[in-house]
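These notes are about the structure you will find just below.
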Amino acid sequence: GRIMDVLGRPIDEAGPVAASDTWEIHRSAPSYEDQSPATELLETGIKVIDLMCPFAKGGKVGLFGGAGVGKTVNMMELINNIAKAHSGLSVFAGVGERTR
Numbered sequence: 001g002r003i004m005d006v007l008g009r010p011i012d013e014a015g016p017v018a019a020s021d022t023w024e025i026h027r028s029a030p031s032y033e034d035q036s037p038a039t040e041l042l043e044t045g046i047k048v049i050d051l052m053c054p055f056a057k058g059g060k061v062g063l064f065g066g067a068g069v070g071k072t073v074n075m076m077e078l079i080n081n082i083a084k085a086h087s088g089l090s091v092f093a094g095v096g097e098r099t100r
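Heads up: the sequence shown at position 34 corresponds to 34 in full-length UniProt numbering, and the numbers run straight through without jumps.
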């Protein structure tokens, strides 16, 4: 993975990002007609999530809980499973008083 700033510029000293195309962060939202209304479920590989609270593929997920309950462990497992099983990409944004 790479570490980037809020504008997508690499800050991990590994050189420029090899990308075929780039999109501006400040652009108009797509029209409703251009958005896909179909919901495809993401198979996470974590049985309790897939059964009780399935995630939409391409969507956003918020994970909230108290200190020490395993939120970060859960997110790292999700990212690992998505990368290995689906060759997918994940964006993890830690927000809080102690982001690691």
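We treat Cβ as the ideally placed atom computed from N, Cα and C, and that holds for glycine.
Using a C-beta cut-off of 8 angstroms, the segment 36-47 makes no contact with the segment 11-26, since fewer than three inter-stretch Cβ pairs fall below that distance.
Apart from sequence neighbours up to five positions away, the residues of its chain that approach residue 17 with a beta-carbon distance below 7 angstroms are 2 and 10, ordered along the chain.
Across the structure, residue 58 and residue 51 are spaced so that their CA atoms are roughly 18 angstroms apart. Judged by DSSP secondary structure, residue 29 falls outside any alpha helix (DSSP H); it is assigned neither H nor E.
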